[in-house]
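Remarks on the structure that follows.
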Amino acid sequence: MHGFRHALALFIALAEGTFIVPPPTGPHGVSLIDLELVDTGRQDPYTNASQRTIPISIISPAGPASQCVNITQPYMVDSVASFLEQSITGPDSLNASFTLNHTFTETNLSLSSWGYSVVTVETPGQSGMVVYADGTVQYADAIFAGAEDPTDQQLQAASIVRETDLTFALNSLSSPSFAKAHPKLHLNTSRTALFGHSFGGSATIFELMNHTRFYGGANLDGAYFGQPLTDYESKKPFLQFASSGHNQSSIPSWATVWQHFQGWKLQLQLENSGHWDFTDMAYLFETYGVDNIPGAEQEVAIVLGTIEGHKALKSVVGAMLSFFNFLFFNGSEADTPSVAQEVARFADILIVNGTGV
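In mature numbering (1 follows the signal peptide of the UniProt record, and there is no 0), the protein residues as written are -17 to -1, 1 to 340.
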């Protein structure tokens, strides 16, 4: 594991330093605001605090990129970088260490640069480390820190926590008090989609089944751990995006989920990819030049596959944009082939299954 740790250490050191990641490629500049939502009616299930605080980031398109002022900020704060250096010992420890806000920044900035507002919702107690605005730190619960193997019941309970966080976040962002406090954001929460990676994909699936306000959504390579779907079905548009080797046979829960989405649906696969190619990691490894550290190649390939980082980012963002454009601006099953045709432009995406394909 020494090569892998060396690659991660160099990556983290560069993330703390002055290496500049290229801006997103869309026509819009973007703004990023970090906020905290406080659910006073719910006890935090991981700390037993009397209320649950949920950090969010709101990434919005600004004006034309050519007219925006560039602002440089760290990819991660020093305390998070130090935590990662200490906690990541090899590929298997990634799930217990990285957090949503530290793995999807470039993906979300890219989506926003093409005109979409993106809200990320952190899950304290399930992310490796969360740093609140006042400097308080919350670490992952034992089953998410890798200290013990979770049972199915624990994973289902954790999925419910995440689903409840998502519902609370949507309700909070839709409230008149939030709009009054943040008049410049102009969030249109009446037209909202949902997507999540890994365990976040599991929560996405159940929220689409159970929550009428989401138009549709995408699961990025996440097995389903939520409540039984026996009494649920949905006709909302659904995108299933898998890494290499993951399909409805190797991930049994996917076959069940697929049956319960009765409307437009499309299953894609990112060729030559690993589970973490749906995050920023492959792109940043390539950008920083740490993707070919001697002795680390095989271990890096376990989580990132062999696809080039810029191709992974371009493919994931391109597929998501095609799906969102269909979801919000077309909205009929007759348009299904056009989505498939859009996705077919990306050589690294395989169309596996779907309605009208």
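In this text, a Cβ means the ideal position worked out from N, Cα and C, and glycines have one as well.
Here the structure is a predicted model, which is why all the values come from computation and not from measurement.
Does the beta-carbon of residue i have 16 or more other beta-carbons within 10 angstroms, so that it is buried, or is it exposed?
{"i": "glycine 111", "result": "buried"}
{"i": "tyrosine 115", "result": "exposed"}
{"i": "aspartate 75", "result": "In this prediction, aspartate 75 has a pLDDT of 48, which is less than 50 and means its spatial position is unreliable; nothing more can be read from the coordinates."}
{"i": "valine 21", "result": "exposed"}
{"i": "lysine 218", "result": "exposed"}
{"i": "glutamate 146", "result": "buried"}
Does DSSP put residue i in a helix, in a strand, or in coil?
{"i": "alanine 186", "result": "helix"}
{"i": "arginine 328", "result": "coil"}
{"i": "alanine 206", "result": "coil"}
{"i": "threonine 239", "result": "helix"}
{"i": "alanine 48", "result": "helix"}
{"i": "threonine 30", "result": "coil"}
{"i": "serine 40", "result": "strand"}
Could you spell out the range, first to last residue, of the alpha helix (DSSP H) harbouring residue i?
{"i": "methionine 264", "result": "264 to 271"}
{"i": "aspartate 148", "result": "135 to 156"}
{"i": "threonine 90", "result": "88 to 96"}
{"i": "valine 299", "result": "292 to 312"}
{"i": "lysine 163", "result": "159 to 164"}
I believe residue i touches residue j by the beta-carbon criterion, under 8 Å. Please report the beta-carbon distance rounded to the nearest angstrom.
{"i": "residue 368", "j": "aspartate 331", "result": "The requested residue 368 is not part of the displayed model; the chain covers only -17 to 340."}
{"i": "asparagine 91", "j": "isoleucine 39", "result": "Going by Cβ atoms, the distance from asparagine 91 to isoleucine 39 rounds to 12 Å, so no, they are not a contact pair."}
{"i": "residue 401", "j": "aspartate 260", "result": "No answer is possible for residue 401: it lies beyond the span of the chain, which begins at -17 and ends at 340."}
{"i": "serine 256", "j": "serine 226", "result": "4 Å"}
{"i": "alanine 176", "j": "glycine 199", "result": "6 Å"}
{"i": "histidine 258", "j": "valine 286", "result": "6 Å"}
How far does the beta strand (DSSP E) with residue i in it reach, from first residue to last?
{"i": "serine 14", "result": "11 to 22"}
{"i": "serine 226", "result": "221 to 226"}
{"i": "methionine 112", "result": "112 to 114"}
{"i": "tyrosine 122", "result": "120 to 122"}
{"i": "glycine 179", "result": "175 to 180"}
{"i": "threonine 103", "result": "101 to 104"}
Among the options, which residue has its Cα nearest to the Cα of residue i?
{"i": "threonine 172", "options": "Ile126, Leu18, Phe151", "result": "Phe151"}
{"i": "leucine 333", "options": "Tyr58, Ala162, Ala176, Leu251", "result": "Leu251"}
{"i": "alanine 45", "options": "Pro211, Gly209, Leu170, Ser160", "result": "Leu170"}
{"i": "glycine 9", "options": "Ser95, Glu190, Asp132, Val322", "result": "Ser95"}
{"i": "valine 60", "options": "Gly118, Leu15, Glu19", "result": "Gly118"}
{"i": "glycine 129", "options": "Val120, Val144, Asp148, Gly108", "result": "Gly108"}
{"i": "alanine 327", "options": "Phe306, Asn313, Leu310, Phe311", "result": "Phe306"}
{"i": "threonine 309", "options": "Ala201, Ala32, Leu149, Val102", "result": "It is phenylalanine, not threonine, that sits at residue 309 in the sequence shown. Of Ala201, Ala32, Leu149, Val102, the residue nearest in Cα terms is Ala201."}
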